[in-house]
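Below is one structure, written out as structure tokens; comments come after it.
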Amino acid sequence: MGVIALNCLNLPPRLRFQPYYTCLSGIIPSLKQPDMFTTNNVLKPLVDELLNLHEGIKITTPKYPHGRKIFVRLVGLIGDVVATHKVAGFMSHSAKQLCSWCEINDHERDKVQLGMLRNKTKVLASSWKWKETKTMTAGQQLSKITGICWSQINCLPYWGPVLCVSLGVMHNWYEGVLHHRFCFCWGFDTDLIQQTTVESGKLGMESKSMYLDDSDTSNEERKVFSVECLSNDLKQTIQNKIKDVIVPKGVSQITSKVGTAGNGRLKASEWRVLFSVYIPLVFLDSLFEMEPQNHLLLVNTTALIK
Numbered sequence: 001m002g003v004i005a006l007n008c009l010n011l012p013p014r015l016r017f018q019p020y021y022t023c024l025s026g027i028i029p030s031l032k033q034p035d036m037f038t039t040n041n042v043l044k045p046l047v048d049e050l051l052n053l054h055e056g057i058k059i060t061t062p063k064y065p066h067g068r069k070i071f072v073r074l075v076g077l078i079g080d081v082v083a084t085h086k087v088a089g090f091m092s093h094s095a096k097q098l099c100s101w102c103e104i105n106d107h108e109r110d111k112v113q114l115g116m117l118r119n120k121t122k123v124l125a126s127s128w129k130w131k132e133t134k135t136m137t138a139g140q141q142l143s144k145i146t147g148i149c150w151s152q153i154n155c156l157p158y159w160g161p162v163l164c165v166s167l168g169v170m171h172n173w174y175e176g177v178l179h180h181r182f183c184f185c186w187g188f189d190t191d192l193i194q195q196t197t198v199e200s201g202k203l204g205m206e207s208k209s210m211y212l213d214d215s216d217t218s219n220e221e222r223k224v225f226s227v228e229c230l231s232n233d234l235k236q237t238i239q240n241k242i243k244d245v246i247v248p249k250g251v252s253q254i255t256s257k258v259g260t261a262g263n264g265r266l267k268a269s270e271w272r273v274l275f276s277v278y279i280p281l282v283f284l285d286s287l288f289e290m291e292p293q294n295h296l297l298l299v300n301t302t303a304l305i306k
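Quick note on numbering: UniProt numbering labels position 26 of the sequence shown as 26, and the sequence is numbered without any gaps.
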């Protein structure tokens with residue numbers, strides 16, 4: 001189920017994202033991910049209202065008894081990659097041009113480099129061209145080339161489908177960066193990475209550079225950005241110390257078997273608690289007990305937490 005929520009950016013930062021000031025604009029009920037037609041049907045009432053508010057409406061208040069004209073504009077779209085692609089009118093990563101921000105092609109994705117920024121005018125033109133196609137087959141063929149389909153949100157005259165789309169911090173940081181660091185880089189998820197045999201009592205490193213073309217990367221940078229699999233002894237020590245952490249009421253209790261098979265997946269809020277509460281207490285303490293060679297890993301982890 002997808003939720004469309006609106007927040008007023010005119011409010012102070014401490015208030016704008018509070019539930020009381022959040023407008024629940026729409027809900028997309030579905031057993032599966034909705035297709036673009038369902039998404040556009042849900043968006044249409046909202047877009048129609050935003051078009052009306054763009055022209056301005058007069059509201060009477062005690063301070064302005066004769067009325068005051070107000071204007072409302074949609075300045076940003078925040079969500080995960082799947083949601084923002086559907087709402088903004090971009091295709092999935094199976095398209096030739098798979099990114100909503102740059103013009104990178106599917107055969108260039110492994111370079112881990114940004115392509116040329118998409119052009120707002122071209123994106124809008126491709127979206128309207130898709131809308132004018134006569135058949136579904138013609139629209140699908142066009143989408144495979146451009147990576148763009150029709151979206152109701154493109155009816156807004158001020159809308160920018162490239163720069164106005166943002167990946168939410170919950171998905172980008174909590175479920176993205178933190179999950180990748182814990183499960184893959186540190187090797188807690190054995191389904192993602194195979195563990196290597198390391199000497200007892202030492203931090204095991206399985207260097208797998210994250211760069212395919214690292215000719216311009218210094219040796220020091222390679223050490224920091226390489227995949228660092230922790231030894232089984234260190235991981236066991238961390239898991240043993242997690243169960244000794246006492247958290248206050250209202251803070252999620254993380255199981256000591258986190259990262260092992262059969263213990264489920266953590267939610268975004270739990271990833272945040274793991275790295276803001278547990279890791280500073282148990283992980284850094286465990287590193288101090290190991291050899292001094294862990295300095296770079298310690299620096300990298302503290303930078304990640306703060």
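We put the CB at the ideal spot given by N, CA and C, even for glycine. Owing to the predicted nature of the structure, the values given are computational and were not obtained by experimental measurement.
When rounded, the separation of the alpha-carbon atoms in HIS107 and ILE59 is 53 Å. The three-state secondary structure of LYS69, taken from DSSP, is strand. Counting every other CB atom within 10 Å of its CB across the protein chains shown gives ILE305 a total below 16, marking it as exposed. With fewer than 16 other CB atoms across the displayed protein chains lying within 10 angstroms of its CB, PRO13 is exposed. Sequence-distant partners of LYS144 (beyond 5 residues in either direction) whose C-beta falls short of 8 Å from its own C-beta, in its chain, are MET91, ALA95 and LYS96. SER166 is positioned such that its CB atom lies no closer than 8 Å to that of ILE148. Residue pairing by DSSP puts PHE90 in a beta bridge opposite ILE148. By the neighbour-count criterion, in which a residue is buried when 16 or more other Cβ atoms sit within 10 angstroms of its Cβ, PHE182 is buried. Cα atoms of ALA125 and ILE27: separation of roughly 29 Å, rounded to the nearest angstrom.
When secondary structure is reduced to three states using DSSP, ASN7 falls in the strand class. When GLU175, GLY187 and THR301 are compared, the shortest CA-CA separation from GLU270 is found for GLU175. Contact annotation: the stretch 130 to 141 does not touch the stretch 38 to 53, with fewer than three C-beta pairs closer than 8 Å.
Taken atom to atom, the span from the alpha-carbon of LEU46 to that of ILE153 is near 9 Å. DSSP links CYS102 through a beta bridge to LEU117. With fewer than 16 other Cβ atoms from the protein chains shown falling within 10 Å of its own Cβ, TYR21 counts as exposed.
With respect to GLY76, GLY168 sits apart: the two C-beta atoms are not nearer than 8 Å.
Cα atoms of THR84 and LEU178: separation of roughly 21 Å, rounded to the nearest angstrom. With distances taken between CA atoms, LYS241 lies nearest to TYR278 out of VAL72, TYR278 and GLN141. Taking all protein chains in view, the Cβ of GLY56 is surrounded by fewer than 16 other Cβ atoms within 10 Å, so the residue is classified as exposed. Taking the Cα of ARG73 as reference, the smallest distance to any Cα among LYS44, TRP159, VAL82 and LEU15 is reached at TRP159. Within the same chain, Cβ atoms closer than 8 Å to the Cβ of SER286 are found at LEU234, THR237, ILE238 and LYS241, the five residues on either side in sequence being excluded. The DSSP-derived three-state label of THR61 is coil.
Taking a contact as a CB-CB distance under 8 Å, the pair TRP186 and LEU230 counts as one, their CB atoms being some 5 Å apart. Across the structure, THR137 and TRP150 are spaced so that their CA atoms are roughly 14 Å apart. Looking at GLN141, HIS180 and PRO157, the one whose alpha-carbon comes closest to that of THR121 is PRO157. The alpha-carbon of PHE283 is positioned some 18 Å away from that of LEU266. THR39 counts as buried, since no fewer than 16 other beta carbons sit within 10 angstroms of its beta carbon. When C-alpha distances from CYS23 are compared across ASP244, ASP35, ASN41 and VAL3, the shortest belongs to VAL3.
For SER166, the pairing in a beta bridge is given by DSSP as ILE78.
Going by DSSP, THR302 is part of no beta strand (DSSP E) but of the alpha helix (DSSP H) stretching over 295 to 305. DSSP places SER269 inside the alpha helix (DSSP H), whose first and last residues are 268 to 273.
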